[in-house]
Structure formats: structure tokens, C-alpha cells
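The sequence shown begins at 112 in this note's numbering and counts up by one. Glycine residues also receive a C-beta, built at the ideal position from the N, C-alpha and C atoms. Read the structure below first, then the notes.
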Amino acid sequence: MRHLLNRAAAALLLTATAAFANEDLTSRIDDSKQWAIQTGDYANTRYSELDQITKDNVGDMRVAWTFSTGVLRGHEGGPLVVDDIMYVHTPFPNNVFALDLKNDGKILWRYEPQQDPEVIAVMCCDTVNRGVAYADGTILLHQADTTLVALDSKTGKEKWKVKTGDPASGETNTATVLPVKDKVIVGVSGGEYGVRGRVTAYNLSDGSEVWKAYSTGPDDEMLVDPEKTMELGKPIGKDSSLNSWEGDQWKIGGGSTWGWYSYDPELNLIYYGTGNPSTWNPAQRPGDNKWSMTIMARDADTGMAKWFYQMTPHDEWDYDGVNEMILTDQQFDGKDRKLLTHFDRNGFGYTLDRETGELLVAKKFDPAVNWATEVNMDPSSDQYGRPQVVAEYSTEQNGEDVNSTGICPAALGSKDQQPAAYSPETGLFYVPTNHVCMDYEPFRVAYTAGQPYVGATLSMYPAPNSHGGMGNFIAWDNINGEIKWSIPEQFSVWSGALATKGGVVFYGTLEGYLKAVDAETGDELFKFKTPSGIIGNVMTYESNGKQYIGVLSGVGGWAGIGLAAGLTNPNDGLGAVGGYAALSDYTELGGQLTVFELPGDVASNAPAAEPKPAAGETKG
């Protein structure tokens, strides 16, 4: 029997493990009328039990109301809804609006942080932000300049703020944060600037630091136990990271932590992935470069690592491993297992036992993937758990200043951070994917703090001998490691998916369409073109007895960086500008929330307010 740690399960867990989660947040996650966390729940399933909108009536949906954010740049993440208040965020300068859903969307407060625009120059792939978080009457905003701010959810007034990084050395932020118990879990961006990745826990009450765990370096700084922290059933051993780098390269070794975080209250473990090693030129960093490109499971209270799994040792292609970890309880080989499913940039879909880190499935979720033939699944082999690299597509073996061609996927991966969804009704994962290949030429580069530390030139293009487009939206079976159905798209699907109990799955496209498909078959049921390309994550909520679907539009992100930043050189945007040049024929810059409803007599409480310029940071 398939089931998951979703809202219903969370409610049951609360009675037995109340101390293991933030009770205020968990109770709101359990209420399907609200959307209290960016990922839908702690398990990152992006599943809603709301079922007013079904596959039989979704074709009748109409626009209920819209809201302009006042910012023209890439809009990732999505709004939160807590107690009939909607919290909407923007990309840089990271404004936040609180809208009263019971009063025509009146702006209850706006927060407009004053950030130095110089931070934009060290943001890798657009000025995106993946949203605010809520816990205990507090809205948590992690700004581009690495300032973590706690705001009163009713007034917008600052409770506290703390600096988590240093933009002068290339440290920035694009991610949301994860409130767990009495802590806030925070990552860092900047792998393309030689940033040393880390995760830090701060006290929710006052912003004081509780623990910090680095991705690379000495054991004590990574919060690992050489004998108790495991990889594939074996202790990682003393100095596991230091022994995998040449000299002090680990100090500028990347492994940034800008993706999504999940949490299992029963095991009290948080899960996340680490990014690419620095530089992109593999010849400058011999060894496996541990623990970049790694799935990590850590104790929420102490940060101590329970297990690691490095997916792409000595990454030669910039296959960041930061994509979401989706937690489900399912049967595997006839036994109930606590599972973790991860769709990596490298093109492999992984299923692991999230309690032990045992690798159960590793299969390609895009047939175009060619850089490796398979992941070795033989526990007796010295290659166990490692991808089997194809020499033709190895940028290391081909050498510096050599253009390796036809590598699939491209550096932005078969899937980037755009989150997948899981439905317990079908037992399937719904995955927005990229269908893109690249040419990759590494070159020697010197490290200077605060300057790009890339060391490669890229060009990107649609996967050859395929449908001609650059994306697919797929349904994935994580037990058997196979695609159940696939929808071709002209451009990469850069929007986060949403699955609902109504049997409908939603996603957005870079041209700007919100689409609804049948969860069982993938048949298209609805589409509507919003004012700009969609890289935001679809969400749902209920107000005044009526279900709504919401999504941010505003083209940008890595795929849309050419449009967002006005770039024209095909090699700019780390190769994305040329690959996605045709986007300008279909959409334009924007910044809008669009909310959909079914027609009917239930009051829509349609907000029509637009943000107005204000001088202060906070108005309430």
C-alpha cells in the first residue's frame, strides 16, 4: 500500500512525536485549505488534498484575480496562504506583500528591504528568490544579500535579522528556508564563485546560530562522525573530504546548498543536496571532491550527519545536486520502506531508504542522457553507487581547452531546481524536465574572491534525434525506475508541479501557459496563457469554501536569463542565452500572480490591488 508523510500522516505523527516538529507550522500544513510551506509539506510532495477542482471540471477554470508584484525579473517559488492572508514575494529587491483574502486583497503590509544592488553582479543565474517561509506567527525572508529577516506575520514589523553570508566573496541567496522545531535551516549560493558550501541552523526566536555544517573540509567542520556517518552502508572514515581534494582546494570547493530541504519528523532528519565542485574545470581539482554532489541526511537538533550519498564524484559537467528530496512511505520488494526520491541534474532518478541511505534505484529519467551508461548497483563492486562515465563525453578525459560536444544533459541538467510533485492516489511523481544537451570546453582559471570561478565555456541546444523541443513533463515510477508517460514541450519546463486529490496535475511553461493534465494519463485538460513565462511553482488553497489555484509568472531563471537580463551573446548566462533565444518570440518580462477558480456562486474575494511605491521598509 502506497502512502506518504503528507498532511494526514503529519497529523497522526503529531500525537506521538509533537517534539519533533514545529507544531504551529505542522498544524497548518495539515490543514489543506492553507499553503503554509513552499513545498506543500515537510516531505516536499507538493500534493494537496483539496478536490473541488477535478479532471472533470478543471477545463472550466477562469481567472479569479491577479496581482502585480511591481518587479520585472524571474519569479520562482510561490505565495503562501496562512489564515486567509496571502504572502507574496518578489525577486530582487525581495519585497514581501501580505494580502487580506477576506477583504478584496487589501495590502495589509509591505516589506521593502534596502539592499545594495551590487549583489546582483554576483548572483549566478538571475535575481530569483524561491519564497518566504512561515512559522510561529513569523514570516522568514532570506534576501539575495544573505540577510535572514524575521517579520511579524500580522504587521510586517522586523523581529530580528542576521547576516548569513558575505556577498563580497560571492556568497548570495536564492532559496527559501526551512523552519524545523525551534530552528530555521538556511543554505548558501555561490558555487560559481568558489564559495565553500554549508548549512546553518538559527534559533527561530532570535536568529542566534545553533550549528553550522560545511559541505567540504575537516570532519569537525562538516559535523560528521568518521565511524558513524555512513555512505552506502560503510563508515565514511577519517578525513573523507580532505583526502579527496588536492591541497587546500576544498576551501574554495563549492558544494553550495541553494536548493530545497525536506524533513522527517519521526526520524528527526533533514535532507538536502550539495552543489557542484569549484571550478567547472575538472583538471584543476583531482579526486572525488567530497562532499560536493551529495545527498545529506542530518540530525535537525545537532546537524550531525547520519548518512551521505555522492551521486556524481568529481563532477565534470556542473551537475548540481541540490534538487529536492521527496519523502514517501511505500512498499519496495514487498516491504514497507521509508523512501527518499531525488531527480538529479545528472539525469538519474534515485530512490533511497531515507533511514539508512541504502541505494535502491538509479535510472535515467530522460532517455537522452549519455554522459554515463548506468549507475553500478552491485554492492560487491568497487564501483558500487558510481555512474559509469562514457569517455567520449568526459570533459576530464578529453582535456583542457578541448570542446567536448554532444553531452546530454547540459549543465542545467535533465532537471534543475523546479520541484516535482507526488500523488499518493497514483503513486507517481510528476517531474518538470529539461531536454537539453551541450558542448563544454574547460579552461584554466585562477581564484579571486568575489570574482567568477567557472573555467568553462558552454553552448546549449535541444537534444538531437528527439521531438525538437527542450523539455518534457513526465510521470515517473520511483519503484521501477521508469517513465509512465511524457508530454513534450517546446522549452524546458521550469515551473514547479502541483498534484491534487482531484486527479489533476498542474505545471507552467516558459512561454507562460498554466497547464492542467490528467494525473493518470497525462492528457491535457486546461491551459491558459499568463502575461509572462512561468518559472514559479503552482500552489492551491481554499478561501470562503472555494478552491483556488495560484502561480507567479515572470520569465527568468537560468533558462530565461537572456530575456530577464537583456543578454544577447549566445555564450552568456553560462550558455543558456543562445539555447533559449527563441523565448523572446513567445513572451516578455513580467511579474504577476494569477489566481484561478471554478465559476460558481461562492464569493471569490477577488483582490485587485496593485503595489504602490513606498519610502519605508515596512508599512503596516
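Span separating the alpha-carbon of residue i from that of residue j
i: Q360; j: F639; result: 49 Å
i: G510; j: G592; result: 33 Å
i: H114; j: D444; result: No answer about H114 holds up, because its pLDDT of 42 lies below 50 and its placement is not dependable.
i: T266; j: H546; result: 44 Å
i: Y430; j: G673; result: 21 Å
i: Y374; j: V513; result: 43 Å
i: L704; j: F617; result: 15 Å
i: I585; j: L438; result: 19 Å
i: S525; j: N214; result: 43 Å
i: G370; j: L315; result: 20 Å
i: K339; j: Y504; result: 36 Å
i: D247; j: Y153; result: 16 Å
i: P575; j: N354; result: 39 Å
i: L136; j: T385; result: 26 Å
i: N205; j: A132; result: 28 Å
i: P424; j: D629; result: 38 Å
i: I363; j: V556; result: 13 Å
i: P337; j: D399; result: 17 Å
i: M341; j: Q442; result: 23 Å
i: R396; j: S515; result: 18 Å
i: G276; j: R307; result: 11 Å
i: W587; j: S695; result: 31 Å
i: K474; j: Y461; result: 7 Å
i: T177; j: V706; result: 6 Å
i: V230; j: P224; result: 13 Å
Cβ-based neighbour list, residue i, same chain, cut-off 6 Å, excluding 5 preceding and 5 following
i: W605; result: Q529, L621, I646, G668 and A670
i: W391; result: D429, V565, G566 and A567
i: E435; result: N155, W371 and P530
i: T180; result: T201 and G702
i: L289; result: I296 and Y372
Beta-carbon spacing of residue i, residue j below 8 Å
i: D195; j: S654; result: yes
i: G702; j: L183; result: yes
i: A610; j: S534; result: yes
i: A522; j: C548; result: no
i: A255; j: T283; result: yes
i: T368; j: V291; result: no
i: T641; j: G623; result: yes
i: L451; j: K417; result: no
i: G613; j: D162; result: yes
i: P278; j: T238; result: no
i: G496; j: V486; result: yes
i: H253; j: A286; result: yes
i: C235; j: E303; result: yes
i: G690; j: Y541; result: no
i: L191; j: Y245; result: yes
i: G366; j: S326; result: yes
i: L470; j: Y420; result: yes
Other residues of its chain near residue i: CB distance less than 7 Å, five sequence neighbours each side excluded
i: Y313; result: L259, V273, K294, V295, V297, S319, E320 and V321
i: W271; result: A261, D317 and G318
i: P65; result: Nothing can be reported for residue 65, as the shown portion of the chain is limited to 112 through 731.
Exposure of residue i, with buried meaning 16 or more beta-carbon neighbours within 10 Å
i: D440; result: buried
i: G656; result: exposed
i: P228; result: exposed
i: P490; result: exposed
i: S351; result: buried
i: V174; result: exposed
i: K166; result: buried
i: V501; result: exposed
i: E600; result: buried
i: T559; result: exposed
i: P329; result: exposed
i: E635; result: exposed
i: A127; result: At A127, the pLDDT of 37 sits below 50, so the modelled position is not reliable; the number obtained from the coordinates is stated separately. By the 10 Å Cβ count, A127 comes out exposed.
i: A687; result: buried
i: L116; result: Model confidence at L116 stands at a pLDDT of 44, short of 50, so the residue's coordinates are unreliable; what they give is reported in the following sentence. It counts as buried.
N- and C-terminal bounds of the alpha helix (DSSP H) containing residue i
i: E332; result: D330 to M333
i: A676; result: I672 to A676
Unbroken beta strand (DSSP E) run spanning residue i, endpoints
i: E269; result: E269 to K274
i: A627; result: Y624 to D629
i: Q658; result: K657 to S664
i: E653; result: M650 to S654
i: D293; result: That residue, D293, is in no beta strand (DSSP E); it is neither H nor E in DSSP.
i: A560; result: Careful: A560 lies outside any beta strand (DSSP E) and carries neither H nor E.
i: G384; result: L380 to G384
Residue i at chain C interface by Cβ criterion, 8 Å
i: K166; result: Looking for chain C here will not work: only one protein chain is present.
Residues near residue i in its chain [Cβ-Cβ closer than 8 Å; skip 5 each side]
i: A171; result: What sits at residue 171 in the sequence shown is Asp, not Ala. If we look at D171 and ignore the five residues flanking it on each side, its Cβ neighbours are L709 and P710.
i: T257; result: K274, T275, G276, D277, P278, E282, T283, N284 and V299
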